[in-house]
Amino acid sequence: MYIALAVVAVIALYIVFIYNGLVRSRQMAEEAWSGIDVQLKRRADLIPNLIETVKGYAAHEKSTLEEVVALRNKAQAVPSGDVAGRAQAEGLLGQALGRVIALAEAYPDLKANQNFAELQASLEAMEGELQMARRYYNGAARDLNVKVESFPSNLVAGQFGFAKREYFEIANEADRAVPSVKF
48 MYIALAVVAV IALYIVFIYN GLVRSRQMAE EAWSGIDVQL KRRADLIPNL
98 IETVKGYAAH EKSTLEEVVA LRNKAQAVPS GDVAGRAQAE GLLGQALGRV
148 IALAEAYPDL KANQNFAELQ ASLEAMEGEL QMARRYYNGA ARDLNVKVES
198 FPSNLVAGQF GFAKREYFEI ANEADRAVPS VKF
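See below:
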């Protein structure tokens with residue numbers, strides 16, 4: 048009788064341990080996604096300043112500038128929880144931003160502009176921070192996904208509604224390409 052109670056107690060404690068590990072992993076993934084969201088918001092906030100600076104030097108590049116603004120608005124309209132949609136929209140925006148930065152090569156006065164240089168440096172730093180946030184999120188999502196799919200934690204995960212997380216990645220190979228700028 049005591050042995051049966053001890054076995055039941057050990058199993059119950061093991062289930063609690065697994066459940067707490069799943070909760071911890073889910074919270075890490077949510078915190079990591081929040082970090083990506085913050086970095087994307089910071090980048091989106093820099094874009095209007097960058098566009099206004101470039102406008103004065105590259106007035107005839109209006110379509111490129113308008114495209115960046117439209118893609119920024121589209122990216123911000125994607126619901127925060129839609130990882131795949133957000134990754135796709137941000138990939139397109141990143142490509143368009145690359146084209147804007149490449150405009151500096153065609154306009155030496157723009158390249159020498161202190162405001163543009165500061166914005167470009169801020170944007171480059173932001174992209175580095177965004178990459179770190181993406182790696183952190185994907186690691187947290189991986190850890191949660193392993194727990195959700197591995198035995199015996201998958202039994203507990205299924206009972207308590209834990210689900211796998213999508214990775215924040217660029218699905219379209221064209222989005223990975225270096226932007227080309229033609230004048």
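This note's numbering numbers the first residue of the sequence shown as 48 and each following residue consecutively. Backbone N, C-alpha and C define an ideal beta-carbon position, used for all residues, glycine too.
Please report the residue range of the alpha helix (DSSP H) in which Ala210 lies. Counted from its first residue, the sequence shown places residue 210 at position 163. Run containing Ala210: none; DSSP gives neither H nor E here.
Please name the residue in Ala117, Asn185, Ser72 whose C-alpha comes closest to that of Gly141. The sequence position of residue 141 within the sequence shown is 94, counting from 1. With distances taken between Cα atoms, Gly141 lies closest to Ala117.
Can you tell me which of the three DSSP states Met48 falls into? Residue mapping note: residue 48 aligns to position 1 of the sequence shown, counting from 1. Met48 falls in the coil class under three-state DSSP.
I'd like to check one pair, Trp80 with Tyr154: are the Cβ atoms closer than 8 Å? Numbered from 1 along the sequence shown, position 107 holds the residue referred to as residue 154. Numbered from 1 along the sequence shown, position 33 holds the residue referred to as residue 80. Cβ distance not < 8 Å, so Tyr154 and Trp80 don't count as in contact.
Look up Pro242 in the DSSP assignment and say whether it is helix, strand or coil. No statement about residue 242 is possible, as the shown extent of the chain runs from 48 to 230 and does not include it.
Between the Cα of Ala143 and the Cα atoms of Lys121, Arg73, Gln161, Val130, which residue gives the shortest distance? The residue given as residue 143 occupies position 96 in the sequence shown. Closest option to Ala143, Cα to Cα, is Lys121.
In terms of residue numbering, what span does the alpha helix (DSSP H) encompassing Glu152 cover? On the sequence shown, position 105 is the one that residue 152 refers to. In the DSSP assignment, Glu152 falls within the alpha helix (DSSP H) that extends over 130–153.
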